[in-house]
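Going by the numbering used here, the first residue of the sequence shown is number 35, and it counts up by one from there.
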Amino acid sequence: MFTRTYGKLYMQNSELFQDLFTELKRYYTGGNVNLEETLNDFWSRLLERMFQLLNSQYHFTDDYLECVSKYTDQLKPFGDVPRKLKAQVTRAFIAARTFVQGLMVGREVANRVAKVNVAPVCIRALTKMLYCPYCRGLAGLKPCQNYCHNVMRGCLANQADLDPEWNLFIGEETHCLSLSLSLSLSLSLSLSLSLSLSLSLSLSLSLSLLSRLLSLSLSLS
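Printed below as a string of C-alpha cells:
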C-alpha cells in the first residue's frame with residue numbers, strides 16, 4: 035500500500051517501517067517487546083530521516099540528528115498523531131496478542147484431551163454399540179438413542195466436565211478476535227492517514243522546525 039501511494043520515497047526509507055512491523059509481530063507472537071519504546075523509537079527515527087530529506091542542502095552530524103530526536107516531545111513535529119496512534123496500536127496489539135496466546139493454550143488443552151486413554155470397558159461398549167449390527171448383517175441399523183446416550187455419558191463423563199469451560203473459552207476467543215479485527219481495521223486506516231500527514235508536513239518541517247532547532251542549538255552553545 036505504501037509503495038503504491040508514496041513510490042520511491044517510501045521504498046528508499048522502507049526499513050523504518052519494516053523494523054516497526056517486525057517488532058510489532060514479535061510482540062503479538064509473545065516476544066519481550068515494549069510497545070511504547072518501539073513506537074517512540076519509530077517516530078524519532080522517522081523525524082531524523084524526514085529532517086534530512088527535507089533539508090538535503092545541509093549536512094547534519096549524528097550528534098545533531100540525535101539532538102533533533104531528543105526534542106521531539108517539545109517540538110511536536112507530527113502534532114498529536116504519535117499519541118493517538120500509540121493508544122490505538124496498544125489496544126489493537128494487546129487484543130491480538132491475547133487472542134494468539136489463547137489459541138496456543140486451546141491447542142495444548144485439545145492435544146492433552148485427545149491423548150487421554152479410553153478405559154477398556156468403554157472400548158468394549160463403543161465397539162458393541164457401533165459394530166454389533168454389522169455382525170448380524172444389519173449395516174443400516176443404528177443404535178437406539180437411550181443406549182447411545184448411556185454409553186456416551188459413561189465414557190465421556192470427564193470430557194463432559196470440560197464442556198462449559200471450553201464453550202466459555204471459545205466465546206472469549208471469538209469476542210477477542212472480533213475486537214482485534216475491528217481495532218486492526220481502525221489501526222490500518224490511522225497508520226495510512228498518519229503517514230500521509232507526516233509527509234504533508236514537509237514545508238513546516240523544512241522551515242519552522244529548522245529555524246527552531248537552529249535557535250535551540252545557538253541557545254545551548
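Glycine included, every Cβ here is placed at the ideal spot set by N, Cα and C.
This one's a predicted model, so the numbers in the text were calculated from it and none came from an experiment.
Counting C-beta atoms within 10 angstroms of its own C-beta, Arg146 has fewer than 16 neighbours from the protein chains shown and is therefore classed as exposed. By the criterion of a C-beta distance shorter than 8 Å, Gly136 is surrounded in its chain by Phe203, Glu206, Glu207, Cys210, once the five residues flanking it on both sides are discounted. Contact between the segment 101 to 112 and the segment 137 to 156 is absent: fewer than 3 CB-CB pairs across the two stretches fall below 8 Å. Between Pro167 and Leu160 a beta carbon distance of about 14 Å is seen, past the 8 Å cut, so the two are scored as non-contacting. Distances from the CA of Glu142 to each of Trp200, Cys169, Leu213, Gly65 were compared; the closest alpha carbon is that of Trp200. For the pair Arg83 and Asn74, the Cα-to-Cα distance works out to about 14 Å.
In the structure shown, Gly136 falls within a helical segment according to DSSP collapsed to helix, strand and coil. For the 8 Å CB-CB criterion, Phe85 and Leu50 do not form a contact.
A residue is called buried once 16 or more other Cβ atoms fall within 10 Å of its Cβ, and Tyr181, having fewer, is exposed. A contact is defined here as three or more CB-CB pairs under 8 Å, and the segment 57 to 69 fails this definition with respect to the segment 84 to 98. In the three-state reduction of the DSSP assignment, Lys110 falls in the coil class. Counting C-beta atoms within 10 angstroms of its own C-beta, Val115 has 16 or more neighbours from the protein chains shown and is therefore classed as buried. Annotated as proximal: Ala129 and Leu213, with beta-carbon spacing under 8 Å.
Between the alpha carbons of Tyr61 and Pro111 lies a distance of about 27 Å.
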